[in-house]
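See structure below.
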Amino acid sequence: AERREPALPLGLKGKLRGEPLEVIGHLRRGIEVDGETYEWSEYLLHGRGGYRWLSEYNGHWLYLWPIPGGKVKDAIPDHSAHCDGRRFAHFQTALASYVDIQGEFYWKIDASQKVRVEDYVAAPFILSAEREKNEINWTRGEYLEGEEIWKAFSAPGEPPRKHGVGAAQPNPYGGKLGGIWLSTTLGIVALLLFALVLSLRPSRETAMDYVFELSPAGNIAISEPFELTGGTQAIKISADAGVSQWVGLDITLVESSQVDDLRET
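Okay, so the sequence shown: first residue is 19 according to the numbering used here, each after it adds one.
This is the structure:
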């Protein structure tokens, strides 16, 4: 594989979250999903407090640190895990391989070995497990902006530009209407909104059928106004997208009088 220069050079020193650290190693790793290969970078950091990691994929960064396995409670592989009083939902599982290795590491790396990697997310936090043979190693981390890392290390140039959405990236739109984002690909989503009337004889009718195009930039989409009638109701929202990656939807129902205000924010 072609060797790439790390965005954070080996030997670079800085202070991240108040902790003096030095970049001592760089890994380029990859997974294969549905015939497509996805690669990311991992930087091994060392300081007085021990080892830390920075992981970067498509311009999205995670700051990670190893934790004892005993801190992880009620772990159900490929479903969920609990740590520090927080529930982490399963995000993805894959076999990771080594693409490139540079620098120093505290263990002997077998470049031919594939490692089972499991990620569990409670944005902006992440919990990851690497299983190899009879051994499992846990790391806990959180999402960081590249600008914070570059400032902490006085790194050369600028951080890699973001593409898509990071695994533990918090919703950039908060409670605003229709924040929509897409990882690595474009697609069309059909959104169906059903009004289910809760009565002695509940009825079901389609209140709105909306088709819109997704954008990796995370554009906000606003549907045409629609009316919900029939008294007390429960709302069911379903979506379908013809994409090969994952799609995240943040949907809010608002009074039509507030739509203009949302367009201006």
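A virtual CB, placed ideally from N, CA and C, is assigned to each residue, including glycine.
Values in this document were obtained by computation on a predicted structure and should not be read as measured data.
Cβ-based burial, residue i [other Cβ within 10 Å; buried from 16]
{"i": "Q187", "result": "buried"}
{"i": "D92", "result": "exposed"}
{"i": "I255", "result": "exposed"}
{"i": "G193", "result": "With a pLDDT of only 45 at G193, under the threshold of 50, the placement of this residue in the model should not be trusted; the figure read from the coordinates follows. It counts as exposed."}
{"i": "E176", "result": "exposed"}
{"i": "P24", "result": "buried"}
{"i": "V229", "result": "exposed"}
Test item: CB-CB of residue i and residue j under 7 angstroms
{"i": "A185", "j": "V117", "result": "no"}
{"i": "G319", "j": "L30", "result": "Outside the displayed range of the chain (19 to 283) lies residue 319, so it cannot be described from this structure."}
{"i": "A99", "j": "F106", "result": "yes"}
{"i": "F109", "j": "D137", "result": "yes"}
Residue closest to residue i, alpha-carbon to alpha-carbon, out of the options
{"i": "R47", "options": "A114, G77 and Y228", "result": "A114"}
{"i": "L72", "options": "G164, H100 and K132", "result": "G164"}
{"i": "P84", "options": "Y124, I255, L28 and N152", "result": "Y124"}
{"i": "V272", "options": "A259, S256 and E242", "result": "E242"}
{"i": "R35", "options": "H44, L63 and I49", "result": "L63"}
{"i": "R21", "options": "L39, D52, E57 and I42", "result": "E57"}
{"i": "S158", "options": "A147, T247, E245 and T224", "result": "Looking at the sequence shown, residue 158 is not Ser but Arg. The residue with the shortest Cα to Cα distance from R158 is A147."}
{"i": "Y69", "options": "S59, Y75, G43 and V51", "result": "G43"}
{"i": "E245", "options": "M226, L45 and A259", "result": "M226"}
{"i": "K169", "options": "K33, A141 and I144", "result": "K33"}
{"i": "L45", "options": "G88, A129 and F109", "result": "A129"}
{"i": "P38", "options": "S59, G67, V51 and E54", "result": "G67"}
{"i": "R134", "options": "D96, P142, I144 and K126", "result": "D96"}
For residue i: DSSP bridge partner residues
{"i": "Y124", "result": "In the DSSP output, where bridge partners are listed per residue, Y124 has none listed."}
{"i": "H100", "result": "K91 and R105"}
{"i": "H23", "result": "Residue identity differs from the one stated: residue 23 is Glu in this sequence, not His. In DSSP, E23 forms no bridge with anything."}
{"i": "A112", "result": "V135"}
{"i": "P84", "result": "T157"}
Closer than 6 angstroms: residue i CB and nearest the ligand ADP heavy atom
{"i": "P84", "result": "Among the ligands in the structure shown, none appear at all, so the ligand ADP cannot be discussed."}
Inside the stretch 131–199 only - alpha helix (DSSP H) runs reaching at least 4 residues: 164–171
Completely contained beta strand (DSSP E) runs for the stretch 25–63, where each covers 3 or more residues: 31–34 and 37–51
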